[in-house]
Amino acid sequence: MSLLIKGGTIVTHEESYQADLLCDGNLIVEIGQNLTPPEDAEIIDASGKLIMPGGIDPHTHMQLPFMGTVAKDDFASGTVAALAGGTTSIIDFVIPNPQQSLLEAYHQWRGWAEKSHANYSFHVAITWWDDSVGTEMENLVKNHGVNSFKHFMAYKNAIMATDDILVSSFTKCLELGAIPTVHAENGELVYHLQNKMVSQGITGPEGHPLSRPSSVEGEAANRAISIANTLGAPIYLVHVSTEEAVDAIRYAKDHGHTVFGEVLAGHLTVDDSVYQNTDWETAAAHVMSPPFRPKHHQDALWKGVQGGTLQTTATDHCAFCVEQKSMGKDDFSKIPNGTAGVEERMMVLWEKGVNEGKITPNEFVALTSTNTAKIFNLYPRKGCIRVGADADLVIWNPSASKVLSAKTHQSNIEHSIFEGMEINGIPETTICNGKLAWHEGKLLAKSGEGQYIDRPAYAPFYEALTKRQELNQPKAVNR
Ligand code: URP
Ligand code: ZN
Ligand code: ZN
Ligand code: ZN
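In our numbering, the protein residues as written are -13 to 465.
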């Protein structure tokens, strides 16, 4: 089954040029001028449009059991939303309960994800520690295509990883050629401030940002980076939302450390005024961690994106409906944390990034696909348009417009944090594994057609890390 895309402009993270592109099976097999299609080929006219690598969202939580409920978008609906927005792959999170076997949780999530319409892979969270956890990490890396492990420094009394866990797990990651990732917020401070707010009678959603000020993230970001640097391990910070955390990453990078930063489309564009909304439902719909921030943090995030301190964009798609959010009606700390966005991420970045002159279309590709593929060792299979790469593509119409709204989004929830945002330049066709998956507003992919993506250990950045480790071996003094 082949597919010829004719007359479009190919945009990669490096260059833009006009060419036809032929896909056969799930691969790109030819790129060139005036390609002659095989007889049975399906032909798409992409004149006036851009052909880019399908988006990769490195941070989603489909069907996540969390805070006493389960996220409303599962792997079926969540990946439909992804395809509708030009994203062809997600990296979701296996989050074992404390004391649960990592492999048991991993297989549980693999089962849930079988109904995916788009491709998927998994980070695995380290929520507890004993020697068996290290052994299971090794099994996941060597036999199950996992090369990244997540650590929640917040969520005390649930899944929080304390410093001793970070040290053990980061050490193991380094030994295995995997990358540790962190949700950087000081869980002890959050817990203390949540109790303080509630005891002062601040029980509404406005208590959420008050219990998670930017210094809470800054402290944890600096701590996680320092622990990783001390051990010689790389580190990836998810959902960086503050100037303090951007500064911490920049400082470490300037000092030669291997540190990566991810930013969410939401944190780049939504500010903390949402928590002052007098409508409880609307304010609660924005409760996620870290919270939306005052505007000067957004400026710092954009500068981080432009300057290369933040390399990837994600969504943290973790959708809870109004009824679920109501679990925290009398106490904001019980509102399930999470917002949607997997559908809107690329459009928001195009509108607020490319159309506002902050980034180029090539940088857009790097930020929405290529950099994630490189860091998590999927490149050049994903995140790339070249012969031999996977045919995961998005055809972008820079002249078409739409207004984002919960009324028209694919997610199962009633609110959108991007409600009313006008987008000029939209994904019109999404091609996943060489097949039309989403075309002009219609879903063509079937549930179960998404494929699991194996991610081998030792991403290219490890070469320098391993060398440094060898050169810096401590030596005893001969006496
Ligand atoms: O509020 C959020 N972000 N919910 C999902 C879990 C997490 O912290 O990433
Ligand atoms: Zn297994
Ligand atoms: Zn998080
Ligand atoms: Zn998350």
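Yeah, the Cβ is synthetic: ideal placement off N, Cα and C, and Gly gets one too.
Practice prompt. Alpha carbon to alpha carbon, how far is G18 from V373? Give it in angstroms, no decimals.
Written response: 10 angstroms
| said: Give me, in chain order, the residues of the same chain whose beta-carbon lies closer than 7 angstroms to that of E124; leave out the 5 immediate sequence neighbours on both sides. | reply: L162, listed in sequence order.
- [ ] Give me the Cβ distance between K58 and A305, rounded to the nearest whole Å; I'm assuming they're in contact under 8 angstroms.
- [x] 5 angstroms
Q | N- and C-terminal bounds of the alpha helix (DSSP H) containing F61 | A | F61 to A70
| Thinking just about the alpha-carbon of each residue, which of A70, I76, I112 and S63 is nearest to the one in Q85? | I112
Exercise for the section: Look at R331 and G41 and say whether their C-beta atoms are less than 9 angstroms apart. Expected result: yes
Spatial neighbours of G339 in its chain, beta-carbon cut-off 7 angstroms, leaving aside the 5 residues before and after:
Answer for G339: I345 and F350, listed in chain order.
*Where K428 and Q49 are concerned, what is the direct C-alpha to C-alpha distance, given to the nearest angstrom?*
23 angstroms
**Asked** Which class does R441 belong to by DSSP, given the choice of helix, strand or coil?
**Response** coil
- Are the Cβ atoms of D302 and G327 separated by less than 9 angstroms? Yes.
Quiz prompt | Assigned exposure category for Y365 - 16 Cβ within 10 Å defines buried | solution = buried
- Item | Check your reading: residues with Cβ closer than 6 angstroms to ligand 1 heavy atoms | H47, H169, M274, S275, D302, C304, N323 and G324
Inset, instruction - Identify every run of the alpha helix (DSSP H) within the region 112 to 156, keeping only runs that are complete inside it and at least 4 residues long; order them along the chain. - result: 117 to 129
task = Going by DSSP, name the residue or residues bridged to A300.
result = DSSP lists L250 as partners of A300.
### Any 3 or more C-beta pairs closer than 8 angstroms across the region 165 to 174 and the region 213 to 224
yes
- request: Give the DSSP bridge partners of W424, in chain order.
  value: T416 and L429
If I follow the unbroken beta strand (DSSP E) through I(-9), where does it start and stop? S(-12) to K(-8)
Practice item. Might you give, ordered along the chain, the residues of its own chain that have their beta carbon closer than 8 angstroms to the beta carbon of Y448, omitting 5 neighbours on each side? Key: G163 and P220
With a cut-off of 8 angstroms, do at least 3 Cβ pairs link the region 93 to 110 to the region 399 to 408? no
* Asked: Nearest-angstrom Cα distance between S391 and E329?
  -> 11 angstroms
### Query
Would you report the Cα separation of E90 and A147, rounded to the nearest angstrom?
Using only the alpha carbons, I get a separation of about 19 angstroms.
task = Consider the C-beta atom of F362 and the heavy atoms of ligand 4; say whether any pair is separated by less than 8 angstroms.
result = no
Query raised in the report: To which residues of the same chain is Q297 closer than 6 angstroms at the C-beta, ignoring the five residues directly before and after it?
Result: F246 and N357
TODO: Take every Cβ of the region 368 to 386, pair it with every Cβ of the region 278 to 292, and state whether three or more of those distances are shorter than 8 angstroms.
DONE: Flag = no, the region 368 to 386 and the region 278 to 292 do not touch.
| said: Let me check understanding here. Comparing Cα to Cα, which of Q455, D31 and I14 lies closest to W382? | reply: Per the C-alpha coordinates, the member of Q455, D31 and I14 positioned closest to W382 is D31.
For ligand 6, I want to know if A210 counts as a neighbour, meaning its beta carbon is within less than 8 angstroms of at least one of the ligand's heavy atoms.
Absence of ligand 6 from the depicted structure is noted, with ligand 1, ligand 2, ligand 3 and ligand 4 being the only ligands included.
Review point. Short check: CB of V273 to CB of K315, under 9 angstroms?
Key: Taking 9 angstroms as the Cβ cut-off, V273 and K315 do not qualify as a contacting pair.
Discussion item. Quick check: does the Cβ of F318 come within less than 8 angstroms of any heavy atom belonging to ligand 4?
Written reply: no
What are the start and end residues of each continuous alpha helix (DSSP H) run of 4 or more residues lying completely inside the region 19 to 64, in chain order? List check, alpha helix (DSSP H) in window: nothing returned.
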